[in-house]
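J.:
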Amino acid sequence: MSTAQSPVSQLLERNAALFADKHLLIAGYMEDNYPLVLATAAASATLFTTDYSRWRQLTALHTPQGGAVQLYFGHQLPAAAPAFDTLLILLPKAKAEAHYLLANLLPHLRSGSDIFLVGDNRGGINGADKLLAQYASHCQKLDSARRCSLIHAALDQPVNPFQLESWLQHYSVSVRGHDLRVVALPGVFSADGLDEGTRMLLEHLPPLRGRVLDMGCGAGVIGSALCALHPELEVEMCDINALALESARRTLAANQLSAKVYPSDMLSDIQGKVQHIVTNPPFHAGLKTLYGPTEQLIAQTPQKLAPRGSLLLVANAFLKYQPFLQKAFRQQQILAEDKKFRLYHSF
Ligand SMILES: C[S@@+](CC[C@H](N)C(=O)[O-])C[C@H]1O[C@@H](n2cnc3c(N)ncnc32)[C@H](O)[C@@H]1O
Numbered sequence: 300m301s302t303a304q305s306p307v308s309q310l311l312e313r314n315a316a317l318f319a320d321k322h323l324l325i326a327g328y329m330e331d332n333y334p335l336v337l338a339t340a341a342a343s344a345t346l347f348t349t350d351y352s353r354w355r356q357l358t359a360l361h362t363p364q365g366g367a368v369q370l371y372f373g374h375q376l377p378a379a380a381p382a383f384d385t386l387l388i389l390l391p392k393a394k395a396e397a398h399y400l401l402a403n404l405l406p407h408l409r410s411g412s413d414i415f416l417v418g419d420n421r422g423g424i425n426g427a428d429k430l431l432a433q434y435a436s437h438c439q440k441l442d443s444a445r446r447c448s449l450i451h452a453a454l455d456q457p458v459n460p461f462q463l464e465s466w467l468q469h470y471s472v473s474v475r476g477h478d479l480r481v482v483a484l485p486g487v488f489s490a491d492g493l494d495e496g497t498r499m500l501l502e503h504l505p506p507l508r509g510r511v512l513d514m515g516c517g518a519g520v521i522g523s524a525l526c527a528l529h530p531e532l533e534v535e536m537c538d539i540n541a542l543a544l545e546s547a548r549r550t551l552a553a554n555q556l557s558a559k560v561y562p563s564d565m566l567s568d569i570q571g572k573v574q575h576i577v578t579n580p581p582f583h584a585g586l587k588t589l590y591g592p593t594e595q596l597i598a599q600t601p602q603k604l605a606p607r608g609s610l611l612l613v614a615n616a617f618l619k620y621q622p623f624l625q626k627a628f629r630q631q632q633i634l635a636e637d638k639k640f641r642l643y644h645s646f
């Protein structure tokens with residue numbers, strides 16, 4: 300079984316007695332697998348994650364002995380989930396996502412239930428009283444260590460049923476003369492407007508053919524634009540984040556387009572070979588800058604490409620991807636660049 304590695308998990312570990320013997324719902328940003336230890340010690344527990352990579356790890360660790368633990372990956376907890384008496388949220392980086400999680404999960408709690416929020420002091424935990432204001436009349440800090448805090452409140456206010464539609468943000472973009480409606484759930488990349496790097500990629504698309512993968516699709520702008528501009532392409536869209544995947548499905552639907560949308564941790568779930576991978580890849584996880592997944596994507600892409608396939612990648616100009624691209628591919632071109640972004644095409 301995993302141990303507490305992150306500061307948040309270490310803080311939870313020394314307060315583990317609070318969660319034992321409860322009917323516990325755990326959600327939010329899990330940096331390690333320690334939440335499964337807490338869940339296994341509870342009377343019953345559900346772990347809900349929007350992160351496909353974490354879900355795969357938890358599923359692999361989950362043993363029959365942890366029988367009373369349910370694991371869910373998705374953008375919302377199913378309506379039929381059981382009722383809980385304790386909610387623990389590991390605060391995600393985006394405040395909007397924390398509001399969304401509370402609104403989605405609190406209807407599954409009995410009145411008077413315990414709510415615990417835990418997180419990094421630099422990541423919004425100090426605003427917990429505001430987050431909880433409409434649900435609890437009082438909230439208190441129980442513990443803090445390693446720049447993290449644990450907050451408690453009791454659910455003593457009425458909770459409205461969750462309505463996904465009221466959490467959707469909408470905006471329109473014009474891409475090469477084509478108007479696209481973008482639909483996004485809170486915390487999804489570019490939920491408020493098109494990223495300039497993504498715009499550069501779409502404005503400088505080289506000729507593409509066959510099966511094209513929009514890797515890290517976010518709200519689905521790239522994949523939807525490809526479907527709209529080049530209906531002959533076989534477009535697939537993947538992301539690790541369930542809120543992104545649901546947003547991408549809704550963006551496609553809002554534009555009467557269709558494509559295959561599914562979870563994948565970079566190339567983990569991509570079957571067979573693709574002609575092109577098109578991406579504005581991630582370089583953040585939580586509060587940290589993280590290059591690893593994108594470096595891994597670059598290294599593994601050549602084996603995933605069909606003959607004469609290519610990788611089209613846009614990134615902030617300060618990110619040092621060029622050496623990785625040069626190592627993995629025989630040839631590359633820079634299709635566009637400005638002070639902030641660079642668009643690489645590698646074969
Ligand atoms: C910079 S955003 C780009 C989003 C979208 N393509 C756009 O251009 O607006 C990167 C996306 O990669 C996703 N992501 C992060 N880690 C990932 C991983 N390991 N596998 C797949 N997608 C990942 C993030 O959830 C995010 O939606």
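The sequence shown: position 297 = 596 (this note's numbering), numbered continuously.
Cβ atoms here follow ideal geometry from the backbone N, Cα and C, with glycine treated the same way.
Can you give me the Cβ contacts of H444 inside the same chain, cut-off strictly under 6 Å, excluding the 5 residues immediately before and after it?
T.: Residue numbering aside, residue 444 sits at position 145 when the sequence shown is read from its first letter. It is Ala, not His, that sits at residue 444 in the sequence shown. Result list for A444: L310, in chain order.
J.: Counting only runs that start and end within the segment 418-494, where is the alpha helix (DSSP H) found for 4 or more residues in a row?
T.: Those alpha helix (DSSP H) runs which fall completely within the segment 418-494 and span 4+ residues are 427-431.
J.: Got a sec: does ligand 1 put a non-hydrogen atom nearer than 7 Å to the Cβ of P592?
T.: Within the sequence shown, numbered from 1, the residue matching residue 592 stands at position 293. It does: the Cβ of P592 is within 7 Å (strictly closer) of some heavy atom of ligand 1.
J.: Only counting runs of 3 or more residues, tell me where the beta strand (DSSP E) segments fall wholly within the segment 521-559, in order along the chain.
T.: Within the segment 521-559, the complete beta strand (DSSP E) runs of at least 3 residues are 533-538.
J.: For P562, which residues from the same chain have a beta carbon less than 8 Å from its beta carbon, with the 5 sequence-adjacent residues on both sides left out?
T.: Translated into the one-based positions of the sequence shown, residue 562 becomes position 263. If we look at P562 and ignore the five residues flanking it on each side, its Cβ neighbours are Y351, F372, C537, D538, I539, A541, L544, D568.
J.: In the DSSP assignment, what residue or residues form a beta bridge with D513?
T.: Along the sequence shown, read from residue 1 onward, the residue named residue 513 stands at position 214. The partner list for D513 (beta bridge, DSSP) reads M536, V577.
J.: Would you be able to state if there are at least three C-beta pairs under 8 Å between the segment 453-460 and the segment 432-441?
T.: As far as the Cβ criterion goes, the segment 432-441 touches the segment 453-460, which means the pair count is three or higher.
J.: Check whether the Cβ of Q537 lies closer than 7 Å to any heavy atom of ligand 1, and answer yes or no.
T.: Against the sequence shown, residue 537 aligns to sequence position 238. Residue identity differs from the one stated: residue 537 is Cys in this sequence, not Gln. Checking every heavy atom of ligand 1 against the Cβ of C537, one is found closer than 7 Å.
J.: Does at least one heavy atom of ligand 1 sit under 7 Å from the Cβ of F488?
T.: Counting from one through the sequence shown, the residue named residue 488 turns up at place 189. Checking the Cβ of F488 against ligand 1 gives yes.
J.: Hey, is I521 close to ligand 1, as in C-beta under 7 Å from one of its heavy atoms?
T.: Walking along the sequence shown from the start, residue 521 turns up at place 222. Result yes, Cβ under 7 Å from ligand 1.
J.: Following a CB-centred definition, is S563 positioned closer than 7 Å to any heavy atom of ligand 1?
T.: For the purposes of this step, residue 563 is identified with residue 264 of the sequence shown, where counting begins at 1. Yes; taking the cut-off as 7 Å, the Cβ of S563 has a heavy atom of ligand 1 nearer than that.
J.: Just curious, the beta strand (DSSP E) that R313 is in, first and last residue?
T.: Here residue 313 is taken as the residue at index 14 of the sequence shown, counted from 1. Unbroken run through R313: none, as it is neither H nor E.
J.: Do the CB positions of P391 and G327 come within less than 8 Å of each other?
T.: If you number the sequence shown from 1, residue 391 lands on position 92. If you number the sequence shown from 1, residue 327 lands on position 28. Yes, they are a contact pair.
J.: Checking 8 Å against the spacing of the C-beta atoms, do A483 and A518 come in under that value?
T.: Here residue 483 corresponds to residue number 184 of the sequence shown, with the count starting at 1. Here residue 518 corresponds to residue number 219 of the sequence shown, with the count starting at 1. Against a cut-off of 8 Å, the Cβ pair of A518 and A483 comes out as a contact.
J.: Near S412, what residues of its chain come up, given a Cβ to Cβ distance below 8 Å and the 5 sequence neighbours on each side ignored?
T.: Counting from 1 along the sequence shown, the entry for residue 412 is found at position 113. Only F383, D384, T385, L386, A453, L454 meet the Cβ criterion.
J.: Within the continuous beta strand (DSSP E) that includes S352, where are the two ends?
T.: In the sequence shown, counting from the first residue as 1, residue 352 sits at position 53. No beta strand (DSSP E) contains S352, which is instead part of the alpha helix (DSSP H) from 351-360.
J.: If we ignore side chains and look at the alpha-carbon of each, how far apart do E636 and T578 end up?
T.: Working through the sequence shown from its first residue, we reach residue 636 at position 337. Working through the sequence shown from its first residue, we reach residue 578 at position 279. Those two C-alpha atoms are separated by around 16 Å.
J.: Is M499 close to ligand 1? I mean its beta-carbon at under 7 Å from any heavy atom of the ligand.
T.: In the sequence shown, counting from the first residue as 1, residue 499 sits at position 200. Answer for M499: no, Cβ out of range of ligand 1.
J.: Cα separation between N459 and R607?
T.: Counting from 1 along the sequence shown, the entry for residue 459 is found at position 160. Counting from 1 along the sequence shown, the entry for residue 607 is found at position 308. Straight-line Cα distance between these residues: approximately 54 Å.
J.: Is it right to say I576 is buried, meaning 16 or more other beta carbons lie within 10 angstroms of its own, or is it exposed?
T.: By 1-based counting over the sequence shown, the position of residue 576 is 277. Buried, since its Cβ has 16 or more Cβ neighbours within 10 Å.
J.: So, helix, strand or coil for I569, using DSSP?
T.: Indexing the sequence shown from 1 puts residue 569 at position 270. Of the three classes helix, strand and coil, the one that applies to I569 here is coil, per DSSP.
J.: Under 8 Å, do L479 and S523 count as touching if we go by C-beta distance?
T.: Sequence index remark: in the sequence shown, residue 479 carries index 180 (1-based). Sequence index remark: in the sequence shown, residue 523 carries index 224 (1-based). Their beta carbons are under 8 Å apart, which means L479 touches S523 by this criterion.
J.: Looking at C-beta atoms only, is the number of pairs between the segment 395-411 and the segment 486-504 that lie closer than 8 Å three or more?
T.: Yes, the segment 395-411 touches the segment 486-504.
J.: Do L416 and H427 have their beta-carbon atoms positioned less than 8 Å apart in this structure?
T.: For the purposes of this step, residue 427 is identified with residue 128 of the sequence shown, where counting begins at 1. For the purposes of this step, residue 416 is identified with residue 117 of the sequence shown, where counting begins at 1. The question names His, but residue 427 in the sequence shown is Ala. In this structure, L416 lies closer than 8 Å to A427 by Cβ.
J.: If you drop the 5 nearest sequence neighbours on each side, which residues of the same chain put their C-beta closer than 6 Å to that of L596?
T.: Taking the first residue of the sequence shown as position 1, residue 596 is located at position 297. Closer than 6 Å at the Cβ level, and outside the excluded window around L596, lie M565.
J.: From S308, A316, R313, K603, pick the residue whose C-alpha is nearest to that of V573; which is it?
T.: By one-based count along the sequence shown, residue 573 stands at place 274. Here the closest residue by C-alpha is K603.
J.: By how many angstroms is the C-alpha of L401 removed from the C-alpha of Q570?
T.: On the sequence shown, residue 570 is found 271 positions in, with the first residue counted as 1. On the sequence shown, residue 401 is found 102 positions in, with the first residue counted as 1. So the two alpha carbons sit approximately 35 Å from each other.
J.: Please give me, in chain order, every unbroken run of the alpha helix (DSSP H) with length at least 4 that falls completely inside the segment 599-634.
T.: Complete alpha helix (DSSP H) runs here, min 4: 621-627.
J.: Helix, strand or coil: which one does DSSP assign to A326?
T.: Position 27 of the sequence shown, counted from the first residue, corresponds to residue 326. Three-state DSSP puts A326 in a strand.
J.: Which whole-angstrom value is the C-beta distance of H477 and A527, which I expect to be below 8 Å?
T.: Your numbering for residue 477 matches position 178 in the sequence shown. Your numbering for residue 527 matches position 228 in the sequence shown. With a Cβ gap of about 5 Å, H477 and A527 count as contacting.
J.: Under the assumption that V560 contacts L532 (Cβ atoms under 8 Å), give the Cβ distance between them as a whole number of angstroms.
T.: Residue 560 sits at position 261 when you count from the first residue of the sequence shown. Residue 532 sits at position 233 when you count from the first residue of the sequence shown. V560 to L532, Cβ: 15 Å. No contact.
J.: Excluding the 5 residues preceding and the 5 following P406 in the sequence, name in chain order all residues of the same chain whose CB lies nearer than 6 Å to its CB.
T.: The residue given as residue 406 occupies position 107 in the sequence shown. The answer, listed in chain order, is V458, P460, F461.
J.: Tell me whether Q555 is buried or exposed, calling it buried when 16 or more other Cβ atoms sit within 10 Å of its Cβ.
T.: As a first step, residue 555 is located in the sequence shown; it is residue number 256 there, counting from the start. When all chains shown are included, Q555 counts as exposed.
J.: Could you have a look at Q369 and say whether DSSP puts it in helix, strand or coil?
T.: Residue 369 sits at position 70 when you count from the first residue of the sequence shown. Strand, per DSSP.
J.: Does A397 come out as helix, strand or coil in the three-state DSSP assignment?
T.: Here residue 397 refers to the residue found at position 98 when the sequence shown is read from its first residue. Helix at A397.
J.: Which of helix, strand or coil does DSSP assign to Y643?
T.: Within the sequence shown, numbered from 1, the residue matching residue 643 stands at position 344. Note: Y643 maps to strand in three-state DSSP.
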